[in-house]
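For the sequence shown, my numbering begins at 21 and goes up steadily by one. Quick reminder that beta carbons are idealized off the backbone N, C-alpha and C, glycines included.
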Amino acid sequence: MSMNDTPSGERVHIAFFGRRNAGKSSLVNAFTGQELAIVSDVKGTTTDPVYKAMELLPLGPVQIIDTPGIDDEGALGELRVKKTRQVLNRTDLAIVVADASQPLQASDRELLGLIRERSIPCLIAWNKADLLQAVPPARDNELWVSARTGLHIHELKEAAARLAGQQEPKRPLVADLLQPGDLVVLVVPIDKAAPKGRLILPQQQTIRDILDAGACAVVCRDEELPQTLAKLAQPPRMVITDSQVFGKVAKMVPREIPLTSFSILMARYKGDLELTVRGARAVETLRTGDKVLLAEGCTHHRQCGDIGTVKLPNWIRKSTGTEPEFVFCSGRDFPDDLSEYKLVVHCGGCMLGQREMKYRQRTAADQGVPITNYGILIAHLNGILARTIEPFPNLA
Ligand code: SF4
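This is the structure:
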């Protein structure tokens, strides 16, 4: 991702599903105008969905996902179908590609059922319409298209942009808590885990949201926080800190100044803050040997340093006096079955879409497994959770 790219978590995720012989990958290529899809002479040779970022006007930045065939068979086929289901959990708009020369097959109907269960907006693209004697007109989110001749591909893109654009608007990260002219102090520790020459995504996004509110951001390291506060003519509207230095920063910031963290803001922005606050309290019930899942939303470009893998486990051990078993997962490999865990601790998930973060939280809640967030748990372990959620109205 270059500095100017929209992060994946902020893109509308449009996924193409369908049986292997429906021409799905060719349609994805026609839709994106580039060779992106799973290409092979042997049908269904990959289990992995293919991702591609593009601009879909007038909607804006989207993430296109080409999935393996839903009708695949055998052991490897089961894995493909499982991955397809995982993709559904991050899909904002589903395009089901069907063969126009045949009625919907059982696997198509099963897929449509999964999509409906998740209330995902959906289009059916009847591909290979060029082979029909008469092409039916579009109706109720169904279009007759041809990847081979380009028939109605433009209309398909327009319909996708229209339907995806009807999603509920995103909640602001922090702007709704600010007034124009407010001043916010951001505390960003620069230690050896900090990436070279840049800020991490949650910090960048918070600064942008503050600017969108017409407010002003002052950024300093934790070492400089006391003199930064002392130099201000009036107290800031709020202090937002990196969770790693929560305890230290809480002592520096006068009690009357609201204090929270980037991670807590992200928990509210992406999912259910109340659920994650409740989840933090479950750390008190941990016993030696209990399994704790530490989940991060990104892999190769992990931006949050060693907080999840090293610091959090140490803080949990120290605070609870127990020796839980820590299990780590990152990127898209969030387990569907969480029943073996006593607690799930998730990062802020800045690289994940809201739909995926909500899905992860719902998966945990449905299985009765408490789920919390790095920043909220750290605030709880430091005894400052109540203070750090005060800025959020309507939170129990
Ligand atoms: S680990 Fe989580 S919060 Fe950190 S950069 Fe990755 S997705 Fe964002």
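Among residues of its own chain, excluding the 5 on either side of residue i, which ones have a beta-carbon nearer than 6 Å to its beta-carbon?
{"i": "Asp-25", "result": "none"}
{"i": "Val-155", "result": "Ala-149 and Trp-164"}
{"i": "Asp-61", "result": "For Asp-61, the predicted structure reports a pLDDT of 47, less than 50, and the residue's modelled location is therefore unreliable. A value from the coordinates is still provided. Within the same chain, Asp-61 has no close Cβ partners at all."}
Quick one, are the C-beta atoms of residue i and residue j less than 8 Å apart?
{"i": "Thr-392", "j": "Thr-342", "result": "no"}
{"i": "Leu-221", "j": "Met-371", "result": "yes"}
{"i": "Ser-359", "j": "Gln-387", "result": "yes"}
{"i": "Val-48", "j": "Ile-84", "result": "yes"}
{"i": "Asp-356", "j": "Thr-383", "result": "yes"}
{"i": "Gly-317", "j": "Cys-367", "result": "yes"}
{"i": "Gly-403", "j": "Ser-281", "result": "no"}
{"i": "Phe-412", "j": "Arg-288", "result": "yes"}
{"i": "Asn-147", "j": "Ser-127", "result": "no"}
{"i": "Val-77", "j": "Ala-180", "result": "Reading off the sequence shown, one finds Leu at residue 77, where the question assumed Val. Going by C-beta atoms, Leu-77 is not nearer than 8 Å to Ala-180."}
{"i": "Ile-34", "j": "Leu-113", "result": "yes"}
{"i": "Ala-233", "j": "Pro-200", "result": "yes"}
{"i": "Pro-209", "j": "Gln-247", "result": "no"}
{"i": "Leu-314", "j": "Phe-348", "result": "yes"}
{"i": "Ala-302", "j": "Pro-390", "result": "yes"}
{"i": "Gly-185", "j": "Leu-79", "result": "yes"}
{"i": "Leu-363", "j": "Val-330", "result": "no"}
{"i": "Leu-108", "j": "Ile-135", "result": "yes"}
Helix, strand or coil: which one does DSSP assign to residue i?
{"i": "Ala-213", "result": "coil"}
{"i": "Gly-395", "result": "helix"}
{"i": "Asp-150", "result": "helix"}
{"i": "Met-258", "result": "strand"}
{"i": "Pro-189", "result": "coil"}
{"i": "Gln-122", "result": "coil"}
{"i": "Gly-267", "result": "helix"}
{"i": "Met-286", "result": "helix"}
{"i": "Ile-85", "result": "strand"}
{"i": "His-400", "result": "helix"}
{"i": "Ala-315", "result": "strand"}
Report all residues from its chain with a CB closer than 7 Å to the CB of residue i; omit the five preceding and five following residues, and keep chain order.
{"i": "Arg-31", "result": "Ala-73, Pro-81, Val-82 and Gln-83"}
{"i": "Leu-131", "result": "Phe-37, Ile-90 and Val-116"}
My guess is that residue i and residue j are in contact by the Cβ rule of under 8 Å, so how many angstroms apart are they, rounded?
{"i": "Pro-274", "j": "Val-204", "result": "Between Val-204 and Pro-274 the Cβ distance is about 15 Å, and since that is not below 8 Å, they are no contact."}
{"i": "Ile-230", "j": "Leu-198", "result": "7 Å"}
{"i": "Pro-69", "j": "Lys-44", "result": "Wrong, their Cβ atoms sit about 12 Å apart, outside the cutoff."}
Less than 8 Å between C-beta atoms, sequence neighbours within five positions excluded: which residues of the same chain meet that for residue i?
{"i": "Val-269", "result": "Val-207, Asp-242, Leu-245, Val-259, Thr-261 and Leu-279"}
{"i": "Leu-152", "result": "Ala-120, Ser-121 and Trp-164"}
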